[in-house]
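Residue numbers (the numbering used here): 737 to 1068.
Just so it is clear, CB atoms sit at the ideal spot from N, CA and C, and this is done for glycine as well.
Below is one structure, written out as structure tokens; the observations come after it.
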Amino acid sequence: MIIDCHVHISATTPGHGLMSRKLLDSFAFRFMRWKFGLVGEDAGTERALEALLARTIEGAQMLDAVVVLAFDGVCDDRGQIDLGRTHFYVTNDYVIELCRRHPKMLFGASINPYRHDAIAELERCVQHGAVLMKWLPIVQGFDPSNSRCEAFYEAMVHHGLPLLAHTGGEKSLPRVDDSLADPMLLVPALKRGVTVIMAHCGTRSVPGETDYVDTFLRLAKQYPNCFGDTSALCLPTRWHAWPKILGDKDVRERLIHGSDWPIIPLPPITRLGVASSIELMHEENWMRRDVMIKQRLGLEPTYWQRCDEVLGVTKRQALRNRPASPLHAVPS
């Protein structure tokens, strides 16, 4: 089963989520909305984006499923969502709704571990079929190495729920604290046995930022429960990581497929050449193009199956579909 572990959705209506005016007015989001023909901030716009995502998935026929990610907000000192400091918010309930309507969408939960009800919400999300937990600490404003996360890690291990955590730079969303991009902050989770997928392999988002690729490489080889997803590595500012992660056999075996849709994937021309890159740019479905680029980069068949192995989606489906054991007859 081939799965994209890193797909985003946005929401702007009550109960579904919000986007701050600062975010809506940013160049990145204005470009996305123009590109996809999304106008307004009402329920109709949400439905249009849902339909666009569904069409995109169907057009990427090589994918069997994608993980659609919720996105929790910043918390205040009481463990409540601080809407004044939250720029991007997608509720777990909204993603649960989407996954019920679209069989190829899998539920990626998001819970700020500083929430007062974090573990209870984790339990609820697991009951609703969550396949992973999504964090972006530099935006959500928490430190993964803080002792306040310990009980949350224990609950994740108990339920076998992997963690997809952003590492490295971020420029699409307003940030709370850039120092929280360091993959080393995830070592406490690794030591407690959480399966950690380090999104973007610790890459910087623009030149001049701290680059954590070497840190990711070291952790991926040190901890058997440490992986890295390839999401957004098809951005020119992250192309520099390809030689390192593809040139290390041990690290190649820790890579998981992710696109970061709707981020635009651009073929690394320095590795693929001009002719191949131009050909790839003719593919208008960005999710499909991301797959095609990584196929051209020579990622092995095991890479494409690894997300399913790590998330255990096929295994879970088999258990759900397994017929109940027949009752044994009781001798009279």
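Residues bridged to residue i [DSSP beta-bridge criterion]
{"i": "C811", "result": "I817"}
{"i": "F824", "result": "M755"}
{"i": "A935", "result": "H902, D965"}
{"i": "W997", "result": "V743"}
{"i": "I992", "result": "D965"}
{"i": "K805", "result": "In the sequence on display, residue 805 carries Leu and not Lys. According to DSSP, which records beta bridges pairwise, L805 is partnered with H744, G844."}
Backbone secondary structure at residue i - three-state DSSP
{"i": "Y830", "result": "helix"}
{"i": "M798", "result": "coil"}
{"i": "M737", "result": "coil"}
{"i": "F843", "result": "strand"}
{"i": "V942", "result": "coil"}
{"i": "S1068", "result": "Note on S1068: pLDDT 32, under 50, position unreliable in the model; the coordinate value appears next. DSSP places S1068 in coil when its eight states are reduced to three."}
{"i": "V867", "result": "coil"}
{"i": "L788", "result": "helix"}
{"i": "V912", "result": "coil"}
{"i": "T951", "result": "helix"}
{"i": "H976", "result": "helix"}
{"i": "R1025", "result": "helix"}
{"i": "S1061", "result": "Interpretation of S1061 is limited by its pLDDT of 49, a score under 50 that renders its predicted location unreliable; no figure is taken from the coordinates."}
{"i": "K907", "result": "coil"}
{"i": "L760", "result": "helix"}
{"i": "Y1039", "result": "helix"}
Local Cβ density within 10 Å of residue i, reported as buried at 16 or more and exposed below that
{"i": "D808", "result": "buried"}
{"i": "P960", "result": "exposed"}
{"i": "E782", "result": "buried"}
{"i": "G994", "result": "buried"}
{"i": "K985", "result": "exposed"}
{"i": "M798", "result": "exposed"}
{"i": "T966", "result": "buried"}
Same chain, Cβ closer than 7 Å to residue i, five either side skipped, listed in chain order
{"i": "E1019", "result": "R1025, M1028"}
{"i": "A977", "result": "C937, T939, V949, L969"}
{"i": "A887", "result": "I855"}
Chain B contact for residue i (CB, 7 Å cutoff)
{"i": "T931", "result": "Here there is only one protein chain, and chain B is not present."}
8 Å CB neighbourhood of residue i in its chain, flanking five on each side removed
{"i": "L1008", "result": "L1016, I1029, R1032, L1033"}
{"i": "K907", "result": "A764, S941, V942"}
Integer-rounded CB distance, given that residue j should sit under 8 Å from residue i
{"i": "F952", "j": "G944", "result": "At roughly 19 Å, the Cβ-Cβ gap does not stay under 8 Å, so F952 and G944 are not in contact."}
{"i": "V810", "j": "G753", "result": "At roughly 14 Å, the Cβ-Cβ gap does not stay under 8 Å, so V810 and G753 are not in contact."}
{"i": "V875", "j": "R911", "result": "6 Å"}
{"i": "H823", "j": "K758", "result": "6 Å"}
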